[in-house]
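Residue numbers (UniProt numbering): 1 to 505.
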Amino acid sequence: MEFLSDEIWDVIIAGTSIPQSLLALSLSRSGKKVLHLDRRTYYGGRDAALSLQDAERWVEDLEKFPNSIFKDASISKPDSEDAGPSALKSSRSYTLSLNPQIIYAQSKILPTLVSSRIHTQLEFLAVGSWWVHRAGSLHKIPSTREDVFNDESLSMKDKRGLMKFLRYVLQDDVELDTTLEDDTSLSLQSALDTKFKVPASLQAPLLALALSPVPASQIPFNVALLRIRRHMRSMGYFGPGFGAVIAKYGGNSEMSQVACRAGAVGGGVYLLGHELTSLTLVDQDFSGKALLEGTLSDSTNVKARSVAGSPEDLPTTDQATQPGQSKEEFLRSINVVDHSFRNLFPQTSDNGPVPAAAIVLVDEGDNTGSEKSPVYLQIHSEDTGECPPGQCIIYASVRVEADKTSSKHRLESAIQSFLETENASGTLLWSLSYVFSGVSAVANETPTLLRPSPSIMLFPPASQDIAFPDNVLDIVKGAWQSITAPQTDDSSFLRFEEREPEDEE
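Right, dumping it as structure tokens:
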């Protein structure tokens, strides 16, 4: 591949996770020479979606080549008493996401997908109801004030407390009494107890709307408020009854692949199965600019003015983190279940869509407020294209606390208790579990682009958030500005004119 060595690339992008793929997309019509590579043989990086066989190879590769994002991966195939002998279908019948995330209707990424013209290649599905699983039963969480008013399971006193809180959440910023929000030591639990008189039994549902990875006693009220407000203000944005979506066929992985395809159409060169194994600063080029020289895993030498990637995709930077920023570990599992769970996907409204995903918080408390980190289940139906008809995928996650063994037991018990409640015991066909390290979804510090040198840009560790974080676009824009400035107007970031048909050929 001599042509790779002969070229001086404006940027080499290592890895095809969402940030790198969006950066490649943003540069696709800039006239820049972009070499986009991935050491893996598939797109998506830490956002990848895998078939069953891909997952087995992924576990094997992780044992041989450890990284700072994933570890302790294992696959199990439980004895499924209630499933037929051929219930687990062919490997390619499954598209299993390593980093499943919902996208709120008012997130920044959706209008960006439209302005960059790749939305036409994506299909989005509704995320429907939020649920709390407690004491062997499922309770649907009211997501709007109308839902609260119509919920017959709530007493009038509880309704008044919830309505008071939701009115506060939905106030315009100029109307807000910021006294509560300015008190950074105030927890969600304390605010609900003292200010809004919401009983402990109703705090788990609000914790679920915040998608908080920590209990109500540990998440600051100001952080929880922003996250619940995000949920409430997204409800009804695309139609009644839902406020979030997921991309069909693997979620983030599908968005990554579509962005990469657009990058290739725009002139980017893509190279899978190739790793950037070394990187050094060499003499300046003919224009007087600094030049980086790297070596690929097949010994090809490449030169570039800039390099961008995640720490795990670049040489000697695997442990890089932001000053003062700590990573947390979450135990996750992907579970193939031979059951449809149709009751979890009620139609959003009379003329609305049937959701393809639901969120379940498994509450292990006793109505007095649990001090344990909550367990979340993301249930994806067959409509997502991630599994065969009649089956579902359960994505489970919990923050790893002091005892990893205890966290694993809690995760497995949560899945089992949910299956028992749904009369689906014995339907678990296949399970992949792993530890995922990343920035806490409720961290005080906002991750930013790391610059170990003027020519090297590092994307920060992945967020643990179940919802796609808005700051990803800010980080990508920072890298884009470094590569394109001063020639490009900031307002043109990921804003493209419609291509003529011949341009796609």
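Backbone N, C-alpha and C define an ideal beta-carbon position, used for all residues, glycine too.
Which same chain residues, not among the five before or five after residue i, have their C-beta less than 6 Å away from its C-beta?
i    : result
A105 : S234, Y237, F238, G243
R356 : The question names Arg, but residue 356 is Ala in the sequence shown. Contacts found: L125, S381, D383, T384.
S397 : F330, R332, Y376
Could you round the C-beta distance between residue i and residue j to whole angstroms and report it? I think they count as a contact, below 8 Å.
i    : j    : result
L377 : A414 : 7 Å
Q101 : N252 : 6 Å
L271 : L37  : 4 Å
F221 : A264 : That pair is no contact at about 46 Å.
L4   : V302 : 6 Å
L429 : V337 : 7 Å
E329 : V400 : 4 Å
L344 : L314 : Going by Cβ atoms, the distance from L344 to L314 rounds to 41 Å, so no, they are not a contact pair.
A216 : I118 : Contact doesn't hold; Cβ gap of about 38 Å is too wide.
Using only alpha-carbon positions, find the residue among the options that is nearest to residue i.
i    : options                : result
I379 : I246, T277, R46, D470  : I246
P454 : V34, L281, Q20, A49    : L281
L25  : Y395, K477, V307, S155 : K477
F149 : S137, V362, M163       : M163
Q416 : T184, E498, S431, A402 : S431
S17  : D489, T484, S482, L458 : L458
T95  : G44, F70, H119, I228   : G44
G273 : D61, I118, F3          : D61
T348 : T144, E328, L473, G267 : T144
N335 : G267, G161, L292, G426 : G426
E386 : A48, L314, D72, R160   : A48
P469 : S74, V258, I103, G31   : I103
Would you kindly report the start and end of the unbroken beta strand (DSSP E) that includes residue i?
i    : result
Y434 : 428-439
V34  : 34-38
L138 : 137-140
A308 : 307-309
L271 : 269-272
L207 : L207 -> not in any beta strand (DSSP E); alpha helix (DSSP H) instead, spanning 203-209.
Short of 8 Å in beta carbon distance, which residues of its chain neighbour residue i, apart from the five on each side in sequence? Order them along the chain.
i           : result
residue 507 : For the chain, the structure presents residues 1 to 505; residue 507 sits outside this window and is missing.
P447        : Q322, Q325, V439, P460, P461, S463, N471, I475
S115        : L494, R495, F496
D318        : Here the model assigns D318 a pLDDT of 49, short of 50, so the residue's position is not dependable and the matter cannot be decided.
S91         : S51, L52, Q53, D54
L186        : L180, P220, F221, N222
A290        : L281, Q284, R305, P454, S455
S153        : H139
K408        : L331, S433
Quick check: is the beta carbon of residue i nearer than 7 Å to any beta carbon in chain C?
i    : result
G294 : Absence of chain C from the displayed structure is noted, only one protein chain being present.
Which first and last residues belong to the alpha helix (DSSP H) in which residue i is found?
i    : result
G263 : 252-265
M232 : 221-234
F70  : Counting along the chain, F70 falls outside any alpha helix (DSSP H), though it belongs to the beta strand (DSSP E) covering 70-76.
K64  : 52-64
S5   : 2-6
P240 : From DSSP, P240 is part of no alpha helix (DSSP H); its letter is neither H nor E.
A24  : 18-26
P452 : Careful: P452 lies outside any alpha helix (DSSP H), inside the beta strand (DSSP E) at 450-453.
Once the 5 residues before and after residue i are set aside, which same chain residues still bring their CB inside 7 Å of it?
i    : result
V132 : H139, I141, A204, P205, A208, L361, D363
S169 : Residue identity differs from the one stated: residue 169 is Val in this sequence, not Ser. Contacts found: L225, I228, R229, M232.
Can you give, in chain order, each stretch of the beta strand (DSSP E) that sits fully within the stretch 85-126 and has at least 3 residues? none
Complete alpha helix (DSSP H) runs within the stretch 142-198 (minimum length 4 residues, chain order)
145-150, 156-170, 179-182, 188-194
* Curious, which full-length alpha helix (DSSP H) runs of at least 4 residues does the stretch 340-423 contain? -> 404-421
**Request:** Taking only runs that begin and end inside the stretch 464-500, name each unbroken alpha helix (DSSP H) of 4 or more residues, in chain order.
**Result:** 471-484
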